[in-house]
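In order, the protein sequence lines correspond to chains A and B.
Numbered by the numbering used here, the letters in the first sequence go through residues 65 to 171 in order.
Numbered by the numbering used here, the letters in the second sequence go through residues 3 to 524 in order.
The beta-carbon is built from N, C-alpha and C at its ideal position, and this holds for glycine as well.
Right, one structure below, let's go through it.
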Amino acid sequence: MNNEVDREYLESINAFNDSATLDILNRIVTTFQDHLMSISEASRQKDHAKLKKTLHAFRGAASNCGFVKLTNLCAEWEYEPESFNLDIFKAELERAETAWKNLLLSF
Amino acid sequence: MQNLHLLTRAVQARDQRQQRLTKISHTELMLHTVVPISQKTKPPSAFILLLIAGSRLYFLKRQQQIHRHTLIHLPDMKTPQSKSLNIAVTEDENTTAELISRQIEYQGHHATICNSVSSTKELNLANFDALLLDLGLPDGDGLDLLCWAQKTRPSLPCYVVTATDQAATAVAALKAGARDYFTKPLNFKEIFKALRIDLQHQPTSNDEACFPTLEKWKSDAMACAMNEAIKASGTDNNVLIIGEEGTGKSAIGRFIHHNSQQKGNGMVTVDGSRKDFQTLERELFGEERPSQMKGSIRHGGKINTLESGSLFITNVDQLSEKLQYLLYQALEENRHRRFRLITSASLLLPTNLGDKNFLKPLYYLISTEAIRAPSLREATQDIPLWTNHLLTEICITLQLPRPMITSGAMEALLDNPWPGNLHQLRQVLTYAVTHSKGGLLGLDHLPAQLLTAEAQSMDKSQIGLIRKSDFERESLIAALKACDNNRRRAAKRLGVSLRTIYNLIQRYGLNSQRKNHQKPNP
Chain A
65 MNNEVDREYL ESINAFNDSA TLDILNRIVT TFQDHLMSIS EASRQKDHAK
115 LKKTLHAFRG AASNCGFVKL TNLCAEWEYE PESFNLDIFK AELERAETAW
165 KNLLLSF
Chain B
3 MQNLHLLTRA VQARDQRQQR LTKISHTELM LHTVVPISQK TKPPSAFILL
53 LIAGSRLYFL KRQQQIHRHT LIHLPDMKTP QSKSLNIAVT EDENTTAELI
103 SRQIEYQGHH ATICNSVSST KELNLANFDA LLLDLGLPDG DGLDLLCWAQ
153 KTRPSLPCYV VTATDQAATA VAALKAGARD YFTKPLNFKE IFKALRIDLQ
203 HQPTSNDEAC FPTLEKWKSD AMACAMNEAI KASGTDNNVL IIGEEGTGKS
253 AIGRFIHHNS QQKGNGMVTV DGSRKDFQTL ERELFGEERP SQMKGSIRHG
303 GKINTLESGS LFITNVDQLS EKLQYLLYQA LEENRHRRFR LITSASLLLP
353 TNLGDKNFLK PLYYLISTEA IRAPSLREAT QDIPLWTNHL LTEICITLQL
403 PRPMITSGAM EALLDNPWPG NLHQLRQVLT YAVTHSKGGL LGLDHLPAQL
453 LTAEAQSMDK SQIGLIRKSD FERESLIAAL KACDNNRRRA AKRLGVSLRT
503 IYNLIQRYGL NSQRKNHQKP NP
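Below, the structure written as C-alpha cells:
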C-alpha cells in the first residue's frame, strides 16, 4: 500500500481482474472534480453543516477507490470542519488522482 | 476522457498479458485429489479458471510457473451456498451502489438496488436472503428502515454499510437488529463471510434443498416420521416433534417450515431449555406493563408481535411452569394468529405429563400433529444419509473442503450403537473432518475410541455421555497401546503433533504407566 492508493484493497475487490469494477472506480474518480466544487463552495460560504455533508459524500467515494490518505483527512475534517484547509485538500486530491493514473499505467 | 483512455490502455495491457497464459497440465491437476471441473466453465481468452470443488482456489500457469491465487470465493457446487443469493442493497450514492452490486454479482449472487427508504419499502422482503443498507438516505433514516425490515421479516439478515465510523451509530444499528456493521472502504470478503455464517446458522430456503427428501430415507422409522412431517407441513396445525436428544428434531422442524405456506416468511427459533427464565419470558411474551383498563398488559414478545412465518420452540418440555401457563394462555387468546407454532420435546407423551410437570391442556394444544423422531439405533440404515448430510454441514461451518468417506470408515460408523444419536455422530465427524483435511476420510481419521475394543466393551449407554477429557484420555491410551507406546506413531495415528502427545501424557499422568510398562521383569 502506498500513501495515496490502497492497492491491497483494490485487489480485494478484484479491480485488477474485473474490468467492470475498474470501470466503476474510474467513473467514481471522474466525479471528484464535482465534489471539489461543492466542497470549495461550502468552504467559501463557511457553512460548516454543508461542508460536513459534502466532505462525508466525498469520503464515501474516495474510500471506494482506496484513496486512504484523502479518506482519513476528510474524516478528520468532518469532525472538525473549522480546521478544513482547501489548499491541502486540493493538493492531496491532485496527488491521489496522479497516483491513480500511475496505477492504471503500471498494470 | 483522459481517464477513459488510460482505462482502455490498462485493459489492453492486461489482455496481452493474459494471452501468454497457457493451459494447466493434467499432471498438475493430480496434485489435488478430487477435481470435478465444471463443464460450464469456459475459459475467457487464454485465462484458465479452474473450479476445483473443495479447494476453492484457482491456478494460473504463466511460462511454466504455477501461480496460486487465494480466495476469490468460488462457491462449492455441492453445498447449499452454491445457490445464488438475492441481496437487496439500499444505497443512495449511485456509483457506490453500482460497486456493491458488481461485487455481489462477481460472487455469483444477484443484487437489487434501491436508492431510498421508500423504494426499499416497496420490496417484498420474503424474496431476499439479505439486506445491505446505508444509514444516510435522502428520504429518511437508515436505522428506521432497519427497524422496519426487522419487523417485516425478523429472520432477514441485515447489514449496515456506511462511511460513518462512530461507535454510537454502530451500537444503535446493532441494537436495531443489524447482524453486522461495515464501514467504508468495504471489505467484501468480510461481508460475504458474515453472510455465509449467518445463513448457515438460520434456516433459509437453501436448507430445504439440503435436507434429504422422503424417498432417500431407508429405514421405516425415519420414512414414517418424514411422511408425518410432510402431512403436517400441508396444514397450519400446531406440531409437536418428540424424540431423544439429538434425533434431528430441529432438522424436522425446519423441514416442516420450508415445506409449508409460511416458508417465505422466515422462522424464529426459541430455545425453551434456557435457564434465564426472565429473559426467555420477555423474549416470548414481552414485558408486563400496568394498564388502566386491565391490571396489566403485555407489550412485545414473539408470540404477540410475530405476524407471519413459524415460531419454533425447542425443548418445550423444559419451560418453567409459569412459562407453560403463559404459553397456554397466549395460544388460547390468539387462536387466530397468523404464524405457525412448531415445538419439540424429548419423549413428552400423554402418559408421562405428570412426571415431567407439563401442563396437560398445553400438551393437547401444541400436539395437534405429533411426530416422533426415531433414534439412530432404530434407523441404522439411515446412518450413511445422515453422515453425508452432517459432513456437508460441518464442512460449510468450518469452511473446509468436503472429504469423501471410505467404505471402511462407513462400516465403522454403521457398527457403532450411537447412544448420543446425531450429536455424537456430529462430534465424531467433526473430529474426522478436521483431521482428514479434505481428500479421503478413512478409518485413520475416526477417533481411536470408536475403533478400539474398549469402545465395544464399554457400557454402551455411557458412550454418548463421556466428558471431553475422558474421551481424550481414552483415545490417547488406545493409540499408545496400538503403537506399542511409540509416541511419535501415536501422534501420527491421532493426527496431532508430538508435543501435543507429550502434553496430554503429562496432563493425564500417563508417564508412570509407561515407565512401569517398560520396566523389565525380574
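Does A/A113 have its Cβ less than 8 Å from a Cβ in chain B?
-> By 1-based counting over the first sequence, the position of residue 113 of chain A is 49. No, because no Cβ of chain B sits closer than 8 Å to the Cβ of A/A113.
Would B/L308 pass as a contact of B/V270 if the rule is Cβ separation under 8 Å?
-> The sequence position of residue 308 of chain B within the second sequence is 306, counting from 1. The sequence position of residue 270 of chain B within the second sequence is 268, counting from 1. The answer is yes: Cβ separation under 8 Å.
List, in order along the chain, the chain B residues whose C-beta lies closer than 7 Å to that of A/I103?
-> Position 39 of the first sequence, counting from 1, holds the residue named residue 103 of chain A. Result: empty, since nearest Cβ-Cβ is about 15 Å, beyond 7 Å.
Classify A/Y143 as buried or exposed, calling it buried when 16 or more other Cβ atoms lie within 10 Å of its own Cβ.
-> In the first sequence, the residue the question calls residue 143 of chain A occupies position 79. Exposed, since its Cβ has fewer than 16 Cβ neighbours within 10 Å.
Under 8 Å between C-beta atoms of B/L387 and B/A411 | Numbered from its first residue, the second sequence carries residue 387 of chain B at position 385. Numbered from its first residue, the second sequence carries residue 411 of chain B at position 409. No, Cβ-Cβ distance for B/L387 and B/A411 is not below 8 Å.
Cβ of B/K358 within 8 Å of any chain A Cβ | Taking the first residue of the second sequence as position 1, residue 358 of chain B is located at position 356. No, because no Cβ of chain A sits closer than 8 Å to the Cβ of B/K358.
Interface residues of chain B facing A/D82 [CB-CB closer than 7 Å] | What you label residue 82 of chain A is simply residue 18 of the first sequence in a count that begins at 1. The contacting residues are Y108.
Anticipated Cβ contact below 8 Å, A/N128 with A/L89, distance rounded | As a working note, residue 128 of chain A is residue 64 in the first sequence. As a working note, residue 89 of chain A is residue 25 in the first sequence. The C-beta distance from A/N128 to A/L89 rounds to 7 Å, short enough to meet the 8 Å contact threshold.
Are at least three pairs of beta-carbons, each pair with one atom in the region 184-192 of chain B and one in the region 124-141 of chain A, less than 8 Å apart?
-> Contact between the region 184-192 of chain B and the region 124-141 of chain A is present, because at least three Cβ pairs lie under 8 Å.
Are three or more beta carbon pairs between the region 90-108 of chain B and the region 135-150 of chain B nearer than 8 Å?
-> yes
Rounded separation between A/T118 and A/K133 - CA only = For the purposes of this step, residue 118 of chain A is identified with residue 54 of the first sequence, where counting begins at 1. For the purposes of this step, residue 133 of chain A is identified with residue 69 of the first sequence, where counting begins at 1. Roughly 17 Å between the two C-alpha positions.
Could you list which residues in chain B have their beta carbon closer than 8 Å to that of A/T95, in chain order?
-> As a first step, residue 95 of chain A must be located in the first sequence, where it is residue number 31. Near A/T95 (Cβ distances below 8 Å), the residues of chain B are T97.
Could you work out which residue in B/L145, B/H111, B/R475 is closest to B/N513 when comparing CA atoms only?
-> Residue numbering aside, residue 513 of chain B sits at position 511 when the second sequence is read from its first letter. The shortest Cα separation from B/N513 among B/L145, B/H111, B/R475 belongs to B/R475.
Return the bridge partner residues of B/N189 from the DSSP annotation.
-> The residue given as residue 189 of chain B occupies position 187 in the second sequence. In DSSP, B/N189 forms no bridge with anything.
Excluding five sequence neighbours on each side, which residues of the same chain lie with their C-beta closer than 6 Å to the C-beta of B/C116?
-> The sequence position of residue 116 of chain B within the second sequence is 114, counting from 1. Cβ within range, chain order: T92, T122.
Using DSSP with H/G/I as helix, E/B as strand and the rest coil, what is A/I77?
-> As a first step, residue 77 of chain A must be located in the first sequence, where it is residue number 13. Here A/I77 carries a coil assignment [DSSP, helix/strand/coil].
Flag this pair as touching only if the region 258-267 of chain B and the region 275-286 of chain B have three or more C-beta atom pairs under 8 Å; answer yes or no.
-> no
Would you kindly work out how many angstroms separate the C-alpha atoms of B/N354 and B/L343, rounded to a whole number?
-> By 1-based counting over the second sequence, the position of residue 354 of chain B is 352. By 1-based counting over the second sequence, the position of residue 343 of chain B is 341. Those two C-alpha atoms are separated by around 22 Å.
By DSSP, does B/R340 sit in helix, in strand, or in coil?
-> On the second sequence, residue 340 of chain B is found 338 positions in, with the first residue counted as 1. It is coil, neither helix nor strand.
Delimiting residues of the alpha helix (DSSP H) encompassing B/R374 | Taking the first residue of the second sequence as position 1, residue 374 of chain B is located at position 372. Per DSSP, B/R374 belongs to no alpha helix (DSSP H); it is in the beta strand (DSSP E), 371-374.
Starting from B/H112 and walking both ways along the beta strand (DSSP E), at which residues does that stretch end?
-> For the purposes of this step, residue 112 of chain B is identified with residue 110 of the second sequence, where counting begins at 1. That run of the beta strand (DSSP E) goes 112-116.
Integer-rounded CB distance, given that B/Y161 should sit under 8 Å from B/A178 = Taking the second sequence and counting its residues from 1, one reaches residue 178 of chain B at position 176. Taking the second sequence and counting its residues from 1, one reaches residue 161 of chain B at position 159. At roughly 12 Å, the Cβ-Cβ gap does not stay under 8 Å, so B/A178 and B/Y161 are not in contact.
Have a look at the DSSP bridge pairing and note the partners of B/L313.
-> Numbered from its first residue, the second sequence carries residue 313 of chain B at position 311. Partner(s): B/V270, B/L343.
Taking just the CA atoms, how far does B/N390 sit from B/L101?
-> What you label residue 101 of chain B is simply residue 99 of the second sequence in a count that begins at 1. What you label residue 390 of chain B is simply residue 388 of the second sequence in a count that begins at 1. Straight-line Cα distance between these residues: approximately 38 Å.
Determine the DSSP secondary structure at B/T281, reduced to helix, strand or coil.
-> As a working note, residue 281 of chain B is residue 279 in the second sequence. It is helical.
Classify B/F194 as helix, strand or coil using the three-state DSSP reduction.
-> Locating residue 194 of chain B in the second sequence gives position 192, where the first residue counts as 1. DSSP places B/F194 in helix when its eight states are reduced to three.
Grouping DSSP H, G and I as helix and E and B as strand, with all else coil, what is A/F122?
-> Here residue 122 of chain A corresponds to residue number 58 of the first sequence, with the count starting at 1. Helix, per DSSP.
6 Å CB neighbourhood of B/S207 in its chain, flanking five on each side removed = Translated into positions along the second sequence, residue 207 of chain B becomes position 205. In this prediction, B/S207 has a pLDDT of 40, which is less than 50 and means its spatial position is unreliable; what the coordinates show is noted afterwards. No residues qualify anywhere along the chain.
Please decide whether A/H120 counts as near chain B, where near means a Cβ-Cβ distance under 8 Å.
-> Numbered from 1 along the first sequence, position 56 holds the residue referred to as residue 120 of chain A. Yes, because at least one Cβ of chain B sits closer than 8 Å to the Cβ of A/H120.
Buried or exposed by the 16-neighbour rule on C-beta atoms within 10 Å, applied to B/N229 = Counted from its first residue, the second sequence places residue 229 of chain B at position 227. By the neighbour-count rule (16 or more Cβ atoms within 10 Å), B/N229 is not buried but exposed.
Beta bridge counterpart(s) of B/M406 as assigned by DSSP | In the second sequence, the residue the question calls residue 406 of chain B occupies position 404. Beta-bridge pairing links B/M406 to B/L442.
Apart from the five residues on each side of it in sequence, which residues of its chain come closer than 8 Å, Cβ to Cβ, to B/H28?
-> Translated into positions along the second sequence, residue 28 of chain B becomes position 26. Legend: pLDDT at B/H28 = 31, less than 50; position of this residue unreliable, value from coordinates given subsequently. For B/H28, where only same-chain residues beyond five positions count, there are no Cβ hits under 8 Å.
Which residues of chain B have a Cβ atom closer than 8 Å to the Cβ of A/R123, listed in chain order?
-> Walking along the first sequence from the start, residue 123 of chain A turns up at place 59. Within 8 Å Cβ-Cβ: A165, K186.
Interface residues of chain A facing B/R104 [CB-CB closer than 8 Å] = Here residue 104 of chain B corresponds to residue number 102 of the second sequence, with the count starting at 1. Within chain A, the residues near B/R104 are D82, A84, T85, I88.
Would you list the one or two residues that DSSP bridges to B/Q184?
-> Mapped onto the second sequence, residue 184 of chain B falls at position 182. Note on identity: in this sequence residue 184 of chain B is Phe, with Gln being the wrong assignment. The partner list for B/F184 (beta bridge, DSSP) reads B/V163.
Check whether the Cβ of B/E107 lies closer than 7 Å to any heavy atom of the ligand FAD, and answer yes or no.
-> The ligand FAD is not part of this structure, which contains no ligands at all.
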